[in-house]
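Residue numbers (the UniProt record's numbering): 1 to 171. Just so you know, even glycine gets a beta-carbon here, dropped at the ideal spot from N, CA and C. These numbers come from a predicted model, not from an experiment. Scroll down for the structure; my scribbles are underneath it.
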Amino acid sequence: DAGSVVLASQFFSPDMDPNQYQEVYPEYIKEIGKEYFPPNRLRKITNQFIKWGIGFNFLYMTDAAKVYKEGSWNNWDFNREKSKELLEKEIEFCKPDLIVLLGDSPLSLLDKTKDYGSVVESRKLLLIKGRKCIVAPFFIGNGPVGNRHGKGFDKRLEIASNLIKKLIKLC
Numbered sequence: 001d002a003g004s005v006v007l008a009s010q011f012f013s014p015d016m017d018p019n020q021y022q023e024v025y026p027e028y029i030k031e032i033g034k035e036y037f038p039p040n041r042l043r044k045i046t047n048q049f050i051k052w053g054i055g056f057n058f059l060y061m062t063d064a065a066k067v068y069k070e071g072s073w074n075n076w077d078f079n080r081e082k083s084k085e086l087l088e089k090e091i092e093f094c095k096p097d098l099i100v101l102l103g104d105s106p107l108s109l110l111d112k113t114k115d116y117g118s119v120v121e122s123r124k125l126l127l128i129k130g131r132k133c134i135v136a137p138f139f140i141g142n143g144p145v146g147n148r149h150g151k152g153f154d155k156r157l158e159i160a161s162n163l164i165k166k167l168i169k170l171c
């Protein structure tokens, strides 16, 4: 899901009907297939960014899994060290005011000593590479339902949302 979010991030607009991107970008849909990022997911993530007060004009989105091992695309086996290196370079280049890590994957990639649940429930931000980071549940895909982090999803999303909204006002 994260990869498809990144691929579709150019569609994010608070004014766009979630079904409209199928009409506006037919070649894109034809190429990747609408099952990879259906309109309901686009609307869900767009609405969450709006609730957080994150401006779309200055939003940079990326994926933690960047470098896949040869022949591993089907089983999602990615090169963690190379992906971490590339992600850290992106952070250094972009110099973001705030990084929102969605789910455990980006957190464990950038700092494998941190426990996802403990970090979210601490109600505190992290500093990674000198940048403010907040860890929030990944709210599409398996995030809210039954995966290993599914327990307490709503509570954790509320905690992260409150912290994000507070920090967005300061940026």
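Between the Cα of residue i and the Cα atoms of the options, which residue gives the shortest distance?
i: residue 94; options: 59, 108, 137, 54; result: 59
i: residue 124; options: 116, 130, 134; result: 134
i: residue 81; options: 112, 155, 96, 54; result: 112
i: residue 122; options: 67, 162, 50, 65; result: 162
i: residue 126; options: 66, 164, 54; result: 164
i: residue 88; options: 70, 46, 66, 104; result: 66
i: residue 105; options: 78, 92, 96; result: 78
i: residue 129; options: 140, 97, 52; result: 97
i: residue 46; options: 140, 167, 152, 166; result: 140
i: residue 68; options: 54, 99, 86; result: 86
i: residue 166; options: 132, 153, 152; result: 132
Am I right that residue i and residue j are in contact with their C-beta atoms under 8 Å? What's the rounded C-beta distance?
i: residue 157; j: residue 137; result: 5 Å
i: residue 168; j: residue 54; result: 6 Å
Between which two residues does the alpha helix (DSSP H) containing residue i stretch?
i: residue 168; result: 153 to 170
i: residue 89; result: 80 to 94
i: residue 120; result: 116 to 121
Run the CB neighbour count on residue i, radius 10 Å, all protein chains shown included, and call it buried at 16 or more, exposed below.
i: residue 56; result: exposed
i: residue 159; result: buried
i: residue 102; result: buried
i: residue 83; result: buried
i: residue 155; result: exposed
i: residue 63; result: buried
i: residue 170; result: exposed
i: residue 99; result: buried
i: residue 91; result: buried
Between which two residues does the beta strand (DSSP E) holding residue i run?
i: residue 101; result: 99 to 102
i: residue 135; result: 131 to 136
i: residue 128; result: 126 to 128
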